[in-house]
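Counting in the working numbering, the sequence shown runs from 1 upward without gaps.
Every residue gets a Cβ at the ideal spot worked out from N, C-alpha and C, and that includes glycine.
Every value quoted in this text rests on a predicted model; they were computed, and no experiment measured them.
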Amino acid sequence: MSRPIHSRETSPGWRSAILCLLGGLFSLGYGALTVLEDWVFASAYLSQYSWQSLVIGLGAQLQTDNDGAVYAATLDHPGLLVFAVALLGGLVWAGGAWWGARRAGISWGEFAAAWAVRGGRWLFLLLLWSQGRLIGFLLHAEWIQIAVATISEFFWGGVFALIAMEWWKLAHPAESSLSAVPADLEDRFAKRIVWGAFAVYVLVYTAMNWALWFNLRIPHGDSAMYEEHLWNLTHGKGFRSYLDQGLFLGEHIQVIHLGLLPLHIVWPSQLMMELCQSIGIAAVVFPLYSIARRHTGRPQLAAGIAVLALLAFPLHYLDISIDVKTFRPTAFGVAIVLAAIDALEARRFRAMWLWILLGLTVQEDFTLVFGPLGLWMAWDGWRQQDRKQMGQGLVLLIGSAAYLLVVMKVLLPYFRSGVTIHYASYFARFGKTPGEIIWTMLTSPGMVWESLVTPATVAYLLCLIVPLGLLPLLSPSRLLTAAPLFLLLCLNELALNPPGPFHHFHAPIVPLLLWAAAAGLGQGASSRSSKGSMSVAEPASVKWLPAAGPLLAFSLTCGIWTCVVFSQNPLSLKFWDSGKPEYWGKRYVPDERPQQFAKIASLIPPTARV
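Following this line, the structure appears as structure tokens:
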């Protein structure tokens with residue numbers, strides 16, 4: 001027996017449904033045409049080689065500038081492309097309506113009509129976006145043209161996420177199915193999801209890292225040098241690699257990877273270290289699941305956040321960076337910080353301090369995590385009249401600042417024999433030494449402002465929060481703990497080349513964003529669960545939020561979309577694009593390099609210096 005969706009508002013007539021659907025599908029097709037004909041937009045998805053091959057195959061004429069560079073293409077029959085994309089979108093709509101109708105227990109026609117209106121309306125945004133550069137040109141507003149280009153792939157992902165959210169709302173019209181199963185069964189199912197996501201991530205990224213190693217693609221600097229640290233230490237040569245000026249402690253107060261020494265004695269290989277790093281990164285799901293379950297009260301929502309974390313491409317680049325650096329000890333810090341936050345929320349302060357002390361062995365950068373976290377603890381303790389938490393937060397804030405000062409002014413210069421610390425080169429535009437840099441920033445706020453208010457900063461921000469479905473924005477106090485780190489990232493010249501979390505510099509900010517995302521989803525859960533329950537107060541600030549299920553659907557769609565566009569794993573376009581350096585056939589299939597090296601490897605004595 002079918003049942004109505006909600007009300008007449010969600011059961012529109014077919015005339016409205018057809019108009020919304022046709023208009024939305026036309027907008028989708030026209031938007032796709034805009035992307036395909038303009039290299040500025042197409043470059044987000046395809047290599048130059050693949051793009052040109054595609055548009056030429058579609059009968060397009062290439063347009064070049066005065067230097068001969070191809071910047072656009074003009075299709076001979078653009079209407080056919082618009083129709084083909086619209087037809088594909090229509091098939092997705094029909095299939096999605098069939099699936100949603102089965103889940104909602106209503107007729108296909110009723111669901112299809114409702115989704116055509118509620119989902120199709122968001123597609124009209126693509127028509128507006130496709131005219132953005134023209135509008136900017138006509139208004140002589142260059143900033144509009146820059147904004148349209150900067151947010152392009154994020155905008156498309158947001159539109160698709162809104163459509164997915166509408167589908168979820170229609171497919172679960174009454175009480176969410178998340179609460180329709182027994183608690184013990186839901187808990188077991190959620191934990192299976194978490195462990196499954198963990199296992200898949202470890203399997204995929206270990207395979208990718210190992211393939212890079214066997215193909216001799218892993219660089220020594222900032223990757224293999226860490227295995228050299230362990231080998232030198234076990235052979236009495238000190239905590240160093242041949243790249244370091246003296247001991248490695250002159251570069252970073254970073255000793256977390258010494259914890260792998262017992263394993264290195266048994267299995268002295270870079271492969272072991274790559275495996276451990278992938279395990280360490282994937283392990284974020286366990287403390288994050290605990291945090292999210294505490295905030296949402298629902299195991300399946302918590303499992304969804306855990307999956308979202310492993311879909312977020314900023315985490316992927318901590319495993320394999322844009323320059324193919326595969327092992328960085330900072331990656332271990334994400335799970336460690338989340339474990340400390342989990343202990344904090346559970347009021348297990350002794351465990352929290354143990355995790356914090358372990359986090360300080362990851363790298364001195366993590367003081368910029370623990371300091372703001374301590375300030376948040378103190379503020380939250382004051383707000384809740386919790387003197388113990390407030391006191392411990394102040395201790396953490398002051399201790400983090402003191403530790404960072406000692407590292408920067410005493411330890412690093414000591415181990416570098418007085419040579420200027422290497423951090424200074426990251427902020428070269430402000431000066432040559434840390435003192436000059438700080439003085440310039442304090443006395444030239446206009447210079448700092450100009451460095452921050454740029455399209456690169458906007459792109460970096462979107463790269464951090466869109467993969468998490470904008471959920472961190474729903475917990476502003478927690479998100480603010482990431483502000484100091486974000487400002488430094490935007491002033492760091494290396495971190496902005498290219499702008500985004502594609503190197504390793506963003507590692508400390510990731511756990512704070514995941515924490516804010518878990519709490520943000522909890523806001524949606526509280527706004528839903530409070531209805532009909534006197535024991536849970538509905539926060540006024542979240543009354544506008546959709547239920548947590550649709551909110552999670554929105555976020556997961558954002559995570560999947562940005563993974564496809566930005567990441568370099570088998571879910572991404574780059575992995576399969578033969579014109580990209582991330583193409584699997586170039587990176588992971590042994591070529592002539594390992595074949596030639598195999599001929600001489602056996603000729604080098606193990607005791608030789610090379």
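In this structure, H503 is the residue among H503, T150, I421 and L128 with its C-alpha nearest to the C-alpha of F313. Of the candidates L442, P498, P484 and V510, the residue whose Cα lies closest to the Cα of V466 is V510. A residue is called buried when at least 16 other Cβ atoms come within 10 angstroms of its Cβ; F189 does not meet this threshold and is exposed. Between the region 354-365 and the region 328-345 there are three or more C-beta pairs closer than 8 Å, enough to call the two in contact. For V70, the beta-bridge partners assigned by DSSP are T64.
Here G238 has N232 and L247 as same chain residues with Cβ atoms under 7 Å from its own Cβ, once five neighbours each way along the sequence are excluded. Closest by C-alpha distance to L375, out of L396, T367, A456 and D386, is L396. Secondary structure note for P78: its alpha helix (DSSP H) is the uninterrupted segment P78 to A104. Below 8 Å, too few C-beta pairs join the region 41-57 and the region 89-103 to call them touching: fewer than three. When only Cα atoms are considered, V200 and F332 end up about 18 Å apart. The beta carbon of P299 is closer than 7 Å to those of E186, D187, A190 and R293 in its chain, skipping five residues each way along the sequence. The three-state secondary structure of P581, taken from DSSP, is coil. Counting every other CB atom within 10 Å of its CB across the protein chains shown gives W439 a total below 16, marking it as exposed.
A residue is called buried once 16 or more other Cβ atoms fall within 10 Å of its Cβ, and A104 is buried on that count. Per DSSP, reduced to three states, the secondary structure at L470 is coil, with no helix or strand assignment. Below 8 Å, enough C-beta pairs join the region 274-286 and the region 315-327 to call them touching: three or more. Contact between the region 134-149 and the region 69-78 is not established, with fewer than three Cβ pairs separated by less than 8 Å. Counting along the chain, the unbroken alpha helix (DSSP H) around I18 starts and ends at W14 to E37. The DSSP assignment places no complete run of the beta strand (DSSP E) inside the region 351-386 (cut-off: 3 residues). Here L28 is near A86, since their CB atoms are less than 8 Å apart. Less than 8 Å separates the beta-carbon of P472 from that of A517. L487 and L452 do touch by the CB rule: their CB atoms are close to 7 Å apart, below 8 Å.
Looking only at G399, M441, M272 and C563, the smallest Cα-Cα distance to P501 is reached by C563. DSSP places L75 within a strand segment (E or B) once states are collapsed to three. Of the candidates Q568, Q385 and P590, the residue whose Cα lies closest to the Cα of E582 is Q568.
Assigned with DSSP and collapsed to three states, P605 falls in coil, not helix or strand. Around the beta-carbon of S16, fewer than 16 other beta-carbon atoms lie within 10 Å, marking it exposed. The beta carbons of H264 and T234 sit closer together than 8 Å. Remark: three or more beta-carbon pairs, one from each stretch, lie closer than 8 Å, so the region 269-279 and the region 205-222 are flagged as touching.
With 16 or more other Cβ atoms inside 10 Å of its own Cβ, P329 counts as buried. With fewer than 16 neighbouring CB atoms inside 10 Å of its own CB, P606 falls in the exposed class.
For the pair A197 and V307, the CB atoms are nearer than the 8 Å cut-off. Note: P499 is bridge-paired with L496 in the DSSP secondary-structure output. A residue is called buried when at least 16 other Cβ atoms come within 10 angstroms of its Cβ; N209 meets this threshold and is buried.
For the 8 Å CB-CB criterion, H220 and E364 do not form a contact. According to the DSSP assignment, W115 belongs to the alpha helix (DSSP H) that extends over W108 to S130.
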